[in-house]
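To start, the structure itself, in structure tokens.
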Amino acid sequence: MRWQVLLVTSNRLGPRLRQRRATWTPGTPSGRYTLASGSGPALRSATEPTAKRAAVTLRVGTPRSASGKNGTRTPGVASAPWSHRDSDHQIREAALLSFCDPIPAAAAELLRLRSSEWRKLLTWLDISGLAVYLLDRLDALEWSTSLPPAVLQGLRRRMAENGARTQSMIRESVAIQEEFQSASISYAVLKGVSFCPSSVPRPELRHQFDLDYLVAEEDVADARRLLEKRGYRLYAVSGKSWEFKANERPTLSIKDLYRASPGYAVELHLEQRNRHGAGPAGRLSRVLHKELYGISMPVLAPVDLFLGQGLHAFKDVCSAFSRTAHLLEFYRHVMTRRTDAAFWEELASTAAEDRRAAVGIGAVVYLLTDILGLFAPPALTSWTVDTLPPRIRLWVDRYGRQTALGQHPGTKLYLLLQHELEVAGLPAGRSSRAALLPSKLPPPVMKALQDEPTGIRIARYRLQLDVLCSRLRFHLLEGARYSLEAYQWRKCLKQHHL
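Going from the sequence shown to my numbering is simple: count from 1 and add 4.
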């Protein structure tokens with residue numbers, strides 16, 4: 005059997021990417037190959053002398069199965085074209101591949117980046133939440149010393165600032181929890197420190213924007229009162245989530261992304277009472293208590309933690325911009341539990357009948373497998389990936405990498421996935437029409453302060469105007485792109501008889 009492969013060669017003598025087709029026969033080693041300039045479709049070993057070479061990395065895996073199971077791509081489906089973004093996406097993929105064990109050869113591309121490429125990559129790493137994670141990983145691999153000095157210095161600064169920021173947020177979280185416990189509020193910590201060590205090696209490596217708590221529905225009024233007493237203001241209520249902010253500032257700069265500030269954001273997620281109205285329902289009835297930072301901190305039970313994290317990652321995939329750090333954290337959680345047969349058995353017995361959990365986690369695992377290779381145990385994939393509806397599998401094949409490796413503010417291609425979820429009997433909370441043509445202005449980034457100085461008011465108006473213009477541009481450009489891609493998507497469905 006011989007396979008046709010598409011070689012994307014990066015010629016360092018010129019900025020353009022070059023594509024060639026070559027034939028690969030199973031049994032030929034994977035790894036680093038060269039394509040002789042002007043030699044047509046001949047694939048040569050890296051040890052074979054050529055007049056001119058353009059280096060490529062060919063990662064060879066197992067053949068794609070006809071059924072597309074175990075996380076393998078649906079046969080005959082290519083990702084949607086990225087055009088000029090190809091090079092950026094390949095570099096971002098190399099950054100993500102560096103977290104694999106063993107390390108794929110493609111990850112070493114990070115050590116050959118030019119300063120201009122690093123500047124672009126760092127912007128994406130900041131917004132995707134991967135910058136500090138990447139430095140920690142490169143330190144562990146002893147690769148960090150090979151980085152350009154300015155890049156390494158910038159990453160060190162980010163890590164130091166994020167460490168101070170994390171400690172500040174932990175102190176605020178402990179203070180809030182002490183008040184919750186004094187008022188006998190039934191709650192649990194979500195995300196953040198509860199991810200350690202299963203998903204996050206150390207808390208200071210994770211970049212987060214807010215503090216999240218699961219609160220019993222009957223206690224939310226008391227929780228709100230305590231937060232407002234600490235200076236928080238209620239900003240939004242969306243479904244079962246209440247968002248609060250304190251000490252807001254009318255600035256929005258990437259330079260402040262890692263710095264500790266007096267401003268905090270808190271989200272309360274409501275947990276309803278059980279059907280008989282007695283005691284907490286579901287997750288709050290199964291919390292575990294850990295001694296952390298001087299208090300007994302309630303966190304979700306392991307299965308609930310995993311399910312919540314997986315569904316949160318899927319929620320990211322089903323949005324305009326997916327924060328890649330959330331995908332990496334879920335990947336690490338699966339790897340941590342990979343050989344824990346009892347955990348996977350308990351997870352399957354708890355969630356296998358939950359259609360949204362099966363599809364959501366299956367889509368995330370399928371996407372991560374396409375980028376990072378096989379990693380999830382059959383005990384997980386058997387009821388998630390293997391049961392994915394064909395249309396959702398096809399969407400991940402075509403648009404998944406763009407979603408995971410895309411740039412902020414993202415795209416509207418998730419609306420195609422949202423439609424396929426509705427076809428599968430999993431309706432979304434917001435209609436596609438409302439997402440394509442919003443009828444409301446974006447909510448205020450910062451509310452007016454009492455006795456607000458003129459300078460603060462002007463800065464607040466300017467910030468809101470910047471956000472409004474940015475969102476308008478996004479809706480116009482990505483709305484047009486969505487309309488064009490929706491046509492291609494319908495053609496793709498017909499080609500695959502779906």
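Even glycine gets a Cβ: it sits at the ideal position worked out from N, Cα and C.
Inset, instruction - Buried or exposed for Glu515, please, with buried defined as at least 16 other CB atoms from any protein chain shown within 10 angstroms of its CB. - result: The structure shown does not extend to residue 515, since the chain is modelled only from 5 to 502, so the question has no answer here.
Legend entry - Nearest-angstrom Cα separation, counted from Cys496 out to Trp399: C-alpha of Trp399 to C-alpha of Cys496: approximately 10 Å in a straight line.
Inset, instruction - Could you please give the first and the last residue of the uninterrupted alpha helix (DSSP H) stretch that includes Glu232? - result: Glu232 -> alpha helix (DSSP H) spans 224-233.
Legend entry - Own chain partners of Ala135 with C-beta closer than 6 Å, once the 5 adjacent residues on each side are dropped: Result list for Ala135: Leu129, Arg162, in chain order.
Inset, instruction - Examine the Cβ distances between the region 180-189 and the region 309-320 and report whether three or more of them are shorter than 8 Å. - result: The region 309-320 and the region 180-189 do not touch, with fewer than three beta-carbon pairs separated by less than 8 Å.
Inset, instruction - Might you give, ordered along the chain, the residues of its own chain that have their beta carbon closer than 8 Å to the beta carbon of Asp455, omitting 5 neighbours on each side? - result: Excluding residues within five positions, none has a Cβ falling inside 8 Å.
Legend entry - Element boundaries [alpha helix (DSSP H), containing Leu476]: Its alpha helix (DSSP H) spans residues 458-499.
Inset, instruction - Would you check if the distance between the CB atom of Ser403 and the CB atom of Leu392 is smaller than 8 Å? - result: Ser is not the amino acid found at residue 403; the sequence shown has Tyr there. Contact flag unset, no.
Legend entry - Per-residue DSSP class, three states only, for Leu115: In the structure shown, the three-state DSSP call for Leu115 is helix.
Inset, instruction - Answer with buried or exposed for Thr29, where buried requires no fewer than 16 other C-beta atoms within 10 angstroms of its C-beta. - result: Interpretation of Thr29 is limited by its pLDDT of 39, a score under 50 that renders its predicted location unreliable; no figure is taken from the coordinates.
Inset, instruction - Assign Phe512 to one of three DSSP states: helix, strand, or coil. - result: The structure shown does not extend to residue 512, since the chain is modelled only from 5 through 502, so no value can be given for it.
Legend entry - CA nearest to the CA of Leu121, picked from Asp470, Arg96, Phe325, Thr385: The residue asked about is misnamed: residue 121 is Glu in this sequence, not Leu. The shortest C-alpha separation from Glu121 is found at Arg96.
Inset, instruction - Since I believe Ala250 is in contact with Gly267 (beta carbons under 8 Å), could you give me their beta-carbon distance rounded to a whole number of angstroms? - result: The Cβ separation is near 6 Å, so the contact holds.
Inset, instruction - Would you check if there are 3 or more beta carbon pairs closer than 8 Å linking the region 327-347 to the region 299-319? - result: Yes, since at least three Cβ pairs between the region 327-347 and the region 299-319 fall closer than 8 Å, the two stretches touch.
Legend entry - Glu146 in three-state terms, based on DSSP: In this structure, DSSP gives Glu146 a state outside helix and strand, which the three-state scheme calls coil.
Inset, instruction - Could you work out which residue in Pro431, Phe248, Glu221, Asp216 is closest to Arg234 when comparing CA atoms only? - result: It is Phe248 whose Cα lies nearest to the Cα of Arg234.
Inset, instruction - Please look up how many angstroms separate the CB atoms of Val193 and Val303, rounded, as I've assumed it's under 8 Å. - result: The pair is a contact, with the Cβ atoms about 5 Å apart (cut-off 8 Å).
Inset, instruction - Output the distance between the C-alpha atoms of Glu113 and Ile375, rounded to the nearest integer angstrom. - result: A straight-line Cα-Cα distance of about 16 Å links Glu113 and Ile375.
Inset, instruction - Confirm, please, whether the CB-CB distance from Leu138 to Ser102 is below 8 Å. - result: For Ser102 and Leu138, yes; Cβs fall inside 8 Å.
Inset, instruction - Assuming Tyr262 and Glu165 form a contact by the criterion Cβ under 8 Å, report the distance between their Cβ atoms to the nearest whole angstrom. - result: Between Tyr262 and Glu165, the beta carbon gap of about 4 Å places them in contact (Cβ cut-off 8 Å).
Inset, instruction - Compute the beta-carbon to beta-carbon distance between Arg395 and Val427, rounded to the nearest angstrom, for a pair I have assumed lies under 8 Å. - result: About 7 Å; that satisfies the 8 Å criterion.
Inset, instruction - Let me know the secondary structure DSSP gives Ser172 once reduced to three states. - result: Ser172 falls in the helix class under three-state DSSP.
Inset, instruction - Check whether the Cβ atoms of Val307 and Thr354 sit closer than 8 Å, and answer yes or no. - result: Yes, the Cβ-Cβ distance between Val307 and Thr354 is below 8 Å.
Inset, instruction - Report all residues from its chain with a CB closer than 6 Å to the CB of Phe184; omit the five preceding and five following residues, and keep chain order. - result: Sequence-distant Cβ neighbours of Phe184 in its own chain, meaning closer than 6 Å and more than five residues away, are Tyr191.
Inset, instruction - Could you pull out every unbroken alpha helix (DSSP H) segment of at least 4 residues lying fully inside the region 243-287, listed in chain order? - result: Whole alpha helix (DSSP H) segments, 4+ residues: zero.
Inset, instruction - In angstroms with no decimal places, state the Cα-to-Cα distance between Val219 and Ile365. - result: Their backbone Cα atoms lie some 24 Å apart in a straight line.
Inset, instruction - Quick one: which unbroken alpha helix (DSSP H) runs of 4-plus residues sit fully inside the region 337-388? Chain order, please. - result: Entirely contained in the region 337-388, the alpha helix (DSSP H) runs reaching 4 residues are, in chain order, 345-355, 359-376, 382-385.
Legend entry - Terminal residues of the beta strand (DSSP E) in which Glu295 lies: Counting along the chain, the beta strand (DSSP E) containing Glu295 begins and ends at 292-296.
Inset, instruction - State the DSSP-derived secondary structure class of Val321, mapped to helix, strand or coil. - result: Residue state, collapsed to three classes: helix.
Inset, instruction - Flag this pair as yes or no: are the beta carbons of Leu2 and Leu126 separated by less than 8 Å? - result: This structure cannot settle anything about residue 2, because the visible part of the chain is limited to 5 through 502.
Legend entry - Straight-line gap, His293 to Leu441 (C-alpha atoms, nearest Å): Cα to Cα, His293 sits roughly 45 Å from Leu441.
Inset, instruction - Answer with buried or exposed for Lys56, where buried requires no fewer than 16 other C-beta atoms within 10 angstroms of its C-beta. - result: Its pLDDT being 33, under 50, Lys56 is placed unreliably by the model, and the measurement read from it follows with that caveat. Sixteen is the threshold: since fewer than 16 other Cβ atoms of the shown chains lie within 10 Å of the Cβ of Lys56, the residue is exposed.
Inset, instruction - Output the boundary residues of the beta strand (DSSP E) element that contains Tyr236. - result: No residue range can be given for Tyr236, since it is assigned to no beta strand (DSSP E) and is classified by DSSP as neither H nor E.
Inset, instruction - Take Leu272 as the anchor and find which of Tyr217, Ser300, Asp226 has the nearest alpha-carbon. - result: Nearest option by C-alpha distance: Tyr217.
Legend entry - Burial state of Tyr465, where buried means 16 or more other Cβ atoms lie within 10 Å: Exposed: under 16 other Cβ atoms inside 10 Å.
Legend entry - With 16 other Cβ atoms within 10 Å as the buried cut-off, status of Phe334: With 16 or more Cβ atoms within 10 Å of its Cβ, Phe334 is classed as buried.
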